[in-house]
Amino acid sequence: MGTSSARRGPTTGLWRSAKGAATRYLSPAAAGEVSAREVVARYLAALEEAPGSGEALAAFRVTRKVAQDLGALWQEVAARGWGLALKDRGLASLAREPAEMLGLGVSGVLAGSGGGLEEAVVRTALALVLGPAVTSEDVPEPAQIVRQFLVTALHLRLALDLGEPLEAAAGSSGRFRDGLSRIKAVIEAGAEAAGAPSEPPATPGHWQGFTGWTWVSEVMAGLLGKLKG
Numbered sequence: 110m111g112t113s114s115a116r117r118g119p120t121t122g123l124w125r126s127a128k129g130a131a132t133r134y135l136s137p138a139a140a141g142e143v144s145a146r147e148v149v150a151r152y153l154a155a156l157e158e159a160p161g162s163g164e165a166l167a168a169f170r171v172t173r174k175v176a177q178d179l180g181a182l183w184q185e186v187a188a189r190g191w192g193l194a195l196k197d198r199g200l201a202s203l204a205r206e207p208a209e210m211l212g213l214g215v216s217g218v219l220a221g222s223g224g225g226l227e228e229a230v231v232r233t234a235l236a237l238v239l240g241p242a243v244t245s246e247d248v249p250e251p252a253q254i255v256r257q258f259l260v261t262a263l264h265l266r267l268a269l270d271l272g273e274p275l276e277a278a279a280g281s282s283g284r285f286r287d288g289l290s291r292i293k294a295v296i297e298a299g300a301e302a303a304g305a306p307s308e309p310p311a312t313p314g315h316w317q318g319f320t321g322w323t324w325v326s327e328v329m330a331g332l333l334g335k336l337k338g
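Dropping the structure here:
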């Protein structure tokens, strides 16, 4: 399978526990010992142990800020179309790009140029979510695409942090991909069970202000709470 691109991550007690669960989850010798849900729960517990965090939600500050910007942009697109929405942001040239390039271009703009792990995850998550959304006949609501982005970002973050033990235990690329797919299904089910707070922000300005930050944070906190429980 080649060299894993996953990062090694911290080595604290809860991180060792999370990595151990990831290994048992995909190890053929321990089949069925650990579920995908337990891997996710142990991972979130490990995030809470990170210096300066105190809760898993704190590990997703950049993710939540970008989610606000995504909601604001999508609200503008829904109301005025891509051309005007991008023109107002000085990105008129992107509107002339093919759909797949439009998604990638917007992802780069929203995510910025930060070089950290969270920024890298955010850029990839945006591209994965925006690509299909741009070409879909049924255009998702802003709240829907924001929730999809948060789910995707969490899944990718886990895949990076626990990718090394997961890949090593899997023994084959097919088993590795299947394991990650089951983890994503658990996260998606958690999002469905958590639902969303009351009404989402109603305007681009609300998305980018305190209302948007609160709404996005409540959505993410609800998701994390369901997955930890």
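My numbering runs 109 ahead of the 1-based position in the sequence shown. Using N, Cα and C, we set each Cβ at its ideal position, and we do this for glycine too. These numbers were taken from a predicted model, which means no experiment stands behind them.
- Assignment of residue 311 by DSSP, reduced to helix, strand and coil, places it in the coil class.
- CA-to-CA, the gap between residue 157 and residue 191 works out to about 39 angstroms.
- A check of alpha carbon separations from residue 143 across 288, 194, 319 identifies 288 as the nearest.
- Secondary structure of residue 270 (DSSP, three-state): helix.
- With three or more CB-CB distances shorter than 8 angstroms, the region 223–240 counts as touching the region 261–281.
- Nearest to residue 331 by alpha-carbon distance, out of 221, 136, 259, 122, is 259.
- Below 8 angstroms, enough C-beta pairs join the region 174–187 and the region 303–314 to call them touching: three or more.
- Between residue 333 and residue 153, the beta carbon gap of about 6 angstroms places them in contact (Cβ cut-off 8 angstroms).
- DSSP places residue 212 within a helical segment (H, G or I) once states are collapsed to three.
- Within the same chain, Cβ atoms closer than 8 angstroms to the Cβ of residue 285 are found at 110, 135, 275, 276, 279, the five residues on either side in sequence being excluded.
- A residue is called buried once 16 or more other Cβ atoms fall within 10 Å of its Cβ, and residue 207, having fewer, is exposed.
- Of the candidates 322, 317, 187, the residue whose Cα lies closest to the Cα of residue 247 is 187.
- Rounded to whole angstroms, the separation of the alpha carbons of residue 214 and residue 222 is 12 angstroms.
- The beta carbon of residue 203 sits closer than 7 angstroms to those of 195, 211, 214, 215, all from its chain and outside the five residues before and after it, given in chain order.
- Less than 9 angstroms separates the beta-carbon of residue 325 from that of residue 176.
- Excluding its 5 nearest sequence neighbours in each direction, residue 242 has C-beta neighbours in its own chain below 6 angstroms: 249, 254, listed in chain order.
- Counted as a single uninterrupted DSSP element, the stretch harbouring residue 197 is not any alpha helix (DSSP H), since DSSP gives it neither H nor E.
- One Cα belongs to residue 338, the other to residue 303, and the distance between them is close to 11 angstroms.
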